[in-house]
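>
Residue numbers (UniProt numbering): 1 to 320.
1) In whole angstroms, what separates the C-alpha of residue 45 from that of residue 54?
2) Which residues does DSSP pair with residue 151 in a beta bridge?
3) Is the beta carbon of residue 167 within less than 7 Å of some heavy atom of the ligand MG?
4) For residue 141, which residues from the same chain have a beta carbon less than 6 Å from its beta carbon, with the 5 sequence-adjacent residues on both sides left out?
5) Would you call the segment 141-152 in contact with the segment 291-304, where contact means no fewer than 3 C-beta pairs closer than 8 Å?
6) With a threshold of 16 other CB atoms inside 10 Å of the CB of residue 274, please say whether the residue is buried or exposed.
7) Using DSSP's beta-bridge definition, name the partner residues of residue 185.
8) I believe residue 270 touches residue 254 by the beta-carbon criterion, under 8 Å. Please report the beta-carbon distance rounded to the nearest angstrom.
9) Using 8 Å as the threshold, is the C-beta distance between residue 86 and residue 163 below it?
10) Which same chain residues, not among the five before or five after residue 319, have their C-beta less than 6 Å away from its C-beta?
11) For residue 99, count neighbouring Cβ atoms within 10 angstroms of its own Cβ and tell me buried if that reaches 16, exposed if not.
12) Would you decide whether residue 195 is buried or exposed? Buried here means 16 or more other CB atoms lie within 10 Å of its CB.
13) DSSP three-state call for residue 5: helix, strand or coil?
14) Please list, in chain order, all residues of the same chain as residue 322 whose beta carbon is under 7 Å from its beta carbon, the five residues on each side excluded.
15) What first and last residue would you give for the alpha helix (DSSP H) that runs through residue 354?
16) Pick helix, strand or coil for residue 241, following the three-state DSSP scheme.
17) Please state whether the Cβ-Cβ distance between residue 80 and residue 42 is less than 8 Å.
18) Tell me which residues share the same chain as residue 283 and place their Cβ nearer than 7 Å to its Cβ, disregarding the 5 neighbours each side in the sequence.
19) How far does the alpha helix (DSSP H) with residue 229 in it reach, from first residue to last?
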């Protein structure tokens, strides 16, 4: 098993490569020319976004009211961005498309510890899941591995992004479908690929916004099912990853969030505000990879404990 250590401070780098377009490249900081997505796909994404938006503000029961028409332009703006992201993934690949979307939705991306991710061979990247732009930040940070596949919950929004969906292994809710997804993941690893998965299976606290204590506590809810890959593909390397800075503290403090009763509902309201209002997207997103772990001769429980311990080190190091 690799020694557990936090990433070296000197390994920090800021990722701002040129963004590929149909007509060449655009320098960092410049707006890439828009690519017109399919109109019917934009309409489908708008409907999905609108339903999510109404749910976030606690008004899902008002789907068929005039409020739906009032909020539709907001939902359509994000649908256009999401649809263009999917087109760019189809044209230029997942890392380049993700880099473009990161720069639309945040103030930039900073990555540390990339050397912990092997350049070849089977790898499982285990990440926290604060939401918002965390997945595209990881896609961009893992650009050195174009063989990346992502284990993701089966959601209509992802199904409506066909080019992105080709990079995903969907996790159905039924046992038979879940077993099939795990087998697909194992096949990808046997072929030497990379899998990205979110062991919590739900949204977790952003350490930069909600503090390290809550982030560390959320590790208790990580599933240990990923250890199955160590048994099926023994040479697999496991790399913990921490994403933070994706949730706006200012949006969390907005007066409208107080209209929701539970902390979870208030956070959903804040996320809706962050998507809607550009001033809440001036965030510096950070991705940090921890030291790689291999199963070696240890059992599944020891492997999971080693990964959890390394993840705690990464969280604490990121706050230092």
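Using N, Cα and C, we set each Cβ at its ideal position, and we do this for glycine too.
So, to answer that:
1) 14 Å
2) 169
3) For the structure depicted, the ligand MG is absent and the ligand set is empty, with no information on it obtainable.
4) 111 and 287
5) no
6) buried
7) Residue 185 pairs with nothing; no bridge assigned.
8) 6 Å
9) yes
10) 212
11) buried
12) buried
13) Confidence at residue 5 is low in this model, with a pLDDT of 39, below 50, so its placement is unreliable and no value can be given for it.
14) Since the displayed the chain opens at 1 and closes at 320, residue 322 lies outside it and no answer follows.
15) The question about residue 354 has no answer here: the residues shown for the chain are numbered 1 through 320.
16) strand
17) yes
18) 106, 107, 245, 246 and 248
19) 228-232
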